[in-house]
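So in our numbering, the last one in the sequence shown is 453, and the numbering has no gaps at all.
Notes follow the structure.
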Amino acid sequence: MIMNDKKSLPLKRHETFSIREGWLEKAINEFSIDANCFSKDKGQRVLGIGTNMVKSLRYWCTATQLIRFSQFRGNTFNELGNFLLSNDRYLEQDYSWWLIHLYLCSNFEDAPVFNTFFNLNVNRFEKEQLVGYIRNVLEVNYDLGAPSSLEADVNMIIKSYYSDDKSNPENNLTCPLSKLGLLEMIDKKTYARKQPKYNSLDYRVIYHALTNVLYKDESINSFNIEDMYELPNNPLNIFNLSKSSLYQYLEEMKKKGLINLVKTAGLNIATFEKRLSLQELFQN
170 MIMNDKKSLP LKRHETFSIR EGWLEKAINE FSIDANCFSK DKGQRVLGIG
220 TNMVKSLRYW CTATQLIRFS QFRGNTFNEL GNFLLSNDRY LEQDYSWWLI
270 HLYLCSNFED APVFNTFFNL NVNRFEKEQL VGYIRNVLEV NYDLGAPSSL
320 EADVNMIIKS YYSDDKSNPE NNLTCPLSKL GLLEMIDKKT YARKQPKYNS
370 LDYRVIYHAL TNVLYKDESI NSFNIEDMYE LPNNPLNIFN LSKSSLYQYL
420 EEMKKKGLIN LVKTAGLNIA TFEKRLSLQE LFQN
């Protein structure tokens, strides 16, 4: 008898609902009033959505790292949830959705398929191909369960980041992440990752992404920019950036006094001049 010692990877936790217009804003504001607003007896009434939608919204709040739900330690806002509550509780600023995207797609534990997709070196694909690419990466170490679960999560990536109706403000079924412009349809079957417009993505979001990747070890204060390209969850992967566009953001950070750039002995070295939290960064 062959034993399968691979760890099970829970998929399809979204109840087939993508993040809808108004959902996360509602969650942030209601949770700030009552940390138990997702409970079985309150969820539908307080959040104004059906039972399965409450489960889905709770999942998305976990996956985007807005809220930490814990039976033993209590439910609390994470760093991003506290930041948005203080700075943009109705998610009206573009930077808020870029941060939500960053935290979602950097979260392997709760959004493994999203995380794997944005770290894949794949720019153009058909849906069936993408399922295969992601399966090949994940099944090395994980038991993926029924094939339909992985397929549902790949469908959710496309549903979340692509819409042919994102310009219609009346369509509340469209996921707000589609407005970031990170995915486009080439033909009826083919999709492609797309680099965002430079002015739509705040340099401070890139700085925060860099510190998340590079400050795991607090003793590290500088890095070779070329080495960063191989790190998981680096900004090139998460934001579909080219190297030239990344350098544009780095130059902007330099002008703001956040980093210093030095080219020496053929190496491009970036040194952090300031070590800012998310809250400090957007007050800078």
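Note that CB positions come from ideal geometry on N, CA and C, so glycine has one too.
The structure presented is a predicted model; accordingly, all values stated were derived computationally and were not measured.
Cβ-Cβ separation, residue j to residue i (assumed contact under 8 Å), whole Å
i       : j       : result
Tyr-360 : Leu-346 : Between Leu-346 and Tyr-360 the Cβ distance is about 14 Å, and since that is not below 8 Å, they are no contact.
Glu-395 : Asn-437 : 6 Å
Asp-322 : Leu-180 : 5 Å
Tyr-302 : Tyr-372 : Not confirmed; about 31 Å, so no contact.
Phe-408 : Leu-445 : The pair is not a contact, with the Cβ atoms about 19 Å apart (cut-off 8 Å).
Asn-124 : Lys-175 : Limits of the chain in this structure are 170 at one end and 453 at the other, which puts residue 124 out of reach.
Glu-199 : Val-223 : Actually they do not touch by this definition, with Cβ atoms about 11 Å apart.
Leu-273 : His-377 : With 8 Å as the limit, Leu-273 and His-377 do not qualify as a contact, their Cβ atoms being about 14 Å apart.
Per-residue DSSP class, three states only, for residue i
i       : result
Lys-224 : helix
Ser-329 : helix
Lys-443 : coil
Phe-286 : helix
Thr-359 : strand
Asn-310 : coil
Ile-236 : strand
Gln-452 : coil
Thr-185 : coil
Phe-392 : strand
Leu-383 : helix
Thr-343 : coil
Leu-430 : strand
Rounded straight-line distance, which links the Cα of residue j to that of residue i
i       : j       : result
Asn-205 : Cys-230 : 13 Å
Asp-379 : Phe-207 : This sequence places Leu at residue 379; Asp is not what is there. Between Leu-379 and Phe-207, the C-alpha separation is close to 33 Å.
Phe-252 : Ala-196 : 14 Å
Thr-433 : Ala-439 : 11 Å
Ile-202 : Gln-364 : 38 Å
Lys-328 : Gly-250 : 24 Å
Gly-495 : Leu-260 : Residue coverage of the chain in this structure runs from 170 to 453, which leaves residue 495 outside it and unanswerable.
Tyr-264 : Thr-220 : 30 Å
Glu-278 : Leu-427 : 30 Å
Asn-290 : Asp-210 : 44 Å
Met-170 : Pro-404 : Any reading at Met-170 must be qualified, since the residue scores a pLDDT of 44, below 50, and its modelled position is unreliable; no value is offered.
His-183 : Ala-315 : 16 Å
Ile-218 : Lys-443 : 43 Å
8 Å Cβ cutoff, residue i in contact with chain B
i       : result
Tyr-376 : Absent from the structure: chain B. Only one protein chain is present.
Discussion item. Check whether the stretch 294-314 and the stretch 274-286 are in contact - that is, three or more C-beta pairs closer than 8 Å.
Written reply: yes
Worksheet item: Taking one C-beta from the stretch 347-356 and one from the stretch 226-246 each time, how about it: are there three or more such pairs within less than 8 Å?
Response: no
Discussion item. What ranges does the alpha helix (DSSP H) occupy inside the stretch 240-280, keeping only unbroken runs of at least 4 residues that lie completely in it?
Written reply: 248-256 and 263-274
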